[in-house]
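Numbering of the sequence shown is given in the working numbering, commencing with residue 2 and proceeding in unit increments. One structure is given here, and the rest of the page talks about it.
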Amino acid sequence: MSAVDERGRWAADRERYGRGAWILQPSFWAVSVYRYGRWTRTCSRALRLPAHVLYVALYSVVRLVTGIDIPRSVEIGPGIMIHHFGTVIVHPQARIGARFTMRHGVTIGAKKGDDVPVIGDDVQVGAFAQILGPIHVGDGSTIGAMTLVLRDVPAGAT
2 MSAVDERGRW
12 AADRERYGRG
22 AWILQPSFWA
32 VSVYRYGRWT
42 RTCSRALRLP
52 AHVLYVALYS
62 VVRLVTGIDI
72 PRSVEIGPGI
82 MIHHFGTVIV
92 HPQARIGARF
102 TMRHGVTIGA
112 KKGDDVPVIG
122 DDVQVGAFAQ
132 ILGPIHVGDG
142 STIGAMTLVL
152 RDVPAGAT
């Protein structure tokens with residue numbers, strides 16, 4: 002992925018959050034640090050070390066302040082939106098499509114090892130939902146609040 006691609010994804014994220022997101026939406030801080038972390042992998046060799054050091058500091062602070070843990074190794078399409086903040090955990094190897102929306106308390110992770118979910122485009126996830134294991138969540142699906150998902154979800158399912 003190039004730096005231009007990552008900036009385009011961040012622009013799509015900003016568009017979903019709207020004006021004033023830096024002040025009004027702590028979850029946007031976490032999304033921005035995630036996108037910055039992805040960008041640090043594409044920057045020039047001369048910038049890579051200082052950019053990485055800054056990323057680690059920002060990631061640590063944002064994770065502590067917001068409770069949102071999205072490592073830069075996660076693959077997320079453009080236009081992610083996290084409503085509210087607090088205790089959102091995403092497995093480092095998870096893959097998430099474009100225009101993904103989740104609420105607070107969501108966990109996307111493995112049941113064991115690196116068997117992680119793949120989530121399609123335009124998926125909505127309710128508060129405190131848990132998506133675990135080597136499953137696929139189809140495009141346009143809606144996962145309700147406090148749902149434990151351990152099996153594949155077909156496209157368009159609610």
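Ideal placement from N, C-alpha and C gives every residue a C-beta, glycine not left out. Note that this is a predicted model, so its numbers are computed, not measured.
Three Cβ pairs or more, each shorter than 8 Å: is that satisfied between the segment 77-90 and the segment 103-123?
Result yes; three or more Cβ-Cβ pairs closer than 8 Å.
Does G19 pass the burial test, meaning 16 or more other C-beta atoms within 10 Å, or should it be called exposed?
exposed
Whether or not the segment 65-75 and the segment 35-43 are in contact is what I'm after, with contact meaning three or more pairs of Cβ atoms, one per stretch, closer than 8 Å; do they touch?
yes
Provide the residue span of the beta strand (DSSP E) that contains G38, from first to last.
Per DSSP, G38 belongs to no beta strand (DSSP E); it is in the alpha helix (DSSP H), P27 to T41.
Looking only at C-alpha atoms, which of P51, V119 and F101 sits nearest to R17?
F101
At the level of alpha carbons, what is the spacing between Y60 and Y35?
In this structure, the CA atom of Y60 is about 8 Å from the CA atom of Y35.
Taking all protein chains shown into account, decide if D14 is buried (16 or more other Cβ within 10 angstroms of its Cβ) or exposed.
buried
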